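Heads up: the sequence shown is residues 11 to 136, going by the working numbering. We treat Cβ as the ideally placed atom computed from N, Cα and C, and that holds for glycine. Quantities reported herein were computed from a predicted structural model and do not represent experimental measurements. To start, the structure under review is shown below, and the notes come after it.
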Amino acid sequence: MFVIEPPKRRRRPDLTPMIDVVFLLLVFFMLASRFSTEQALPLLTAGQSESQWQGPLRLIDIGTGAAVELNGAPMPMADVIAQLGSLMQSPDDPIALRGREATTQDIVTIMEQLRGAGFQRLVLVE
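This is the structure:
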């Protein structure tokens, strides 16, 4: 006689352990990641100024690859810092920065170098 077996039920995989692992990884990476603080760049647009500009022009053009020009003359960053000292009448004099074809990182790098040299009043112009 023929014996007919009942059809076997297909086993479905249990997704609970995989979901637990995903959540554990999510919590781990959220706790292990370092969130950096955002830095604001002061931006001066046309027709807007905090005070009247005094003294000689202090305009730094920033090009690609953080190439700099001080008042239209290309020079290395060390020379720019040395020349800015003679152009400053007081420590609070503003220095205008203009990013021509520079990336944001190039501008931030130049600003950090200038702040490291003691120039604190940096203004980014269009």
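Taking the Cβ atoms as the reference, ARG125 lies roughly 20 Å from GLY73, outside the contact range of under 8 Å.
GLY126: member of the alpha helix (DSSP H) spanning 114-126, first to last residue.
Following the DSSP letters along the chain, one finds GLY109 inside the beta strand (DSSP E) bounded by residues 105-109. LEU80 sits in a strand when the DSSP states are folded into three classes. With respect to the 7 Å criterion, LEU94 and PRO66 are not classified as neighbours on the basis of their beta carbons. Inclusion of THR119 and ALA83 in the CB contact set at 7 Å is not warranted, their separation being larger than that value.
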